[in-house]
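Below: the structure, in structure tokens.
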Amino acid sequence: MWLAKVFTLYPEVFPGPLSKGLYGKALSKELWDLKIVNIRDTAEDKHKTVDDTPYGGGSGMLLKADVLAKSLDQNKNQGERIIYLSPKGKKFDQYYAQDLANEKSVSFICGHFEGVDERVLSTRNIEEVSIGDYVLSGGETAAFVVIDSILRLLPGVLGNENSKVDESFQNGLLEYPQYTKPQIWEKKGVPEVLLSGDHDKIKHWRLSQSEAITRDRRPDLWQKYKKD
Ligand code: ADE
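Per my numbering, the sequence shown runs over residues 9 to 236.
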């Protein structure tokens, strides 16, 4: 069973959206598991201090190496990958999600303040991962995003295994447009080809739509697709 272990200062926000719908069902069917660790539990002074000011000055506070390292060490599984969610990390994408879905368990550290003491990242072999070029107030929302993208790749979690294959990014392209009933809505019909019953033609139309949308909206993905 794939395990997400989350290190956070706000344990009460989990499981949040991960307990709803198909993910909630999969959680109760034990297709995946979630363990939440409160980083503050390993703070040693009577005020349960978890942060301190940066050497060299500057604004904000840093998560202390000793507190975080102790929390990680007390809860570690041998060989487990540890992800620190941070805006200066390696960019997260669908390949990264698939890679983490292939692990047995993954730990996620949700930072707050201005970051963490760098020494804990290097001594504990931590991968720094960013979900995009913007700054969040903390790592929890990023952890939800990353875990969500992994759960849908786990066997049995989504009802329809095919639905994963067609969607955006799985083939390096954005998804084609989709339509459902009613056939005429606000005087607009749906593309004729989708009503033709000709599956080859539909497949071809969807691919050309995916290519056109990707070329228009994501030149970076388009360049990569053309090269492969
Ligand atoms: N924490 C704050 N900003 C973040 C981002 N962009 N990605 C991951 N974790 C973050």
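We put the beta carbon where it would ideally sit given N, CA and C, even for glycine.
If you draw a straight line from the Cα of histidine 207 to the Cα of glutamine 186, it comes to about 15 Å.
In the three-state reduction of the DSSP assignment, tyrosine 18 falls in the coil class, being assigned neither a helical nor a strand state. Judged by the Cβ position, leucine 93 qualifies as a neighbour of the ligand ADE at the 6 Å threshold, a heavy atom of the ligand being closer than this. Of the other Cβ atoms in all chains shown, fewer than 16 fall within 10 Å of the Cβ of tyrosine 103; this residue is therefore exposed.
In the structure shown, aspartate 125 falls within a coil segment according to DSSP collapsed to helix, strand and coil. Inclusion of isoleucine 158 and alanine 220 in the CB contact set at 7 Å is not warranted, their separation being larger than that value.
Annotation for glutamine 82: no residue places its beta carbon closer than 6 Å to its own, counting only its chain and skipping 5 residues before and after. Pairing valine 137 with phenylalanine 100 gives a Cβ-Cβ distance under 7 Å. With contacts defined by Cβ atoms closer than 7 Å, valine 165 and alanine 34 form a contacting pair. Secondary structure note for arginine 225: its alpha helix (DSSP H) is the uninterrupted segment 207 to 225.
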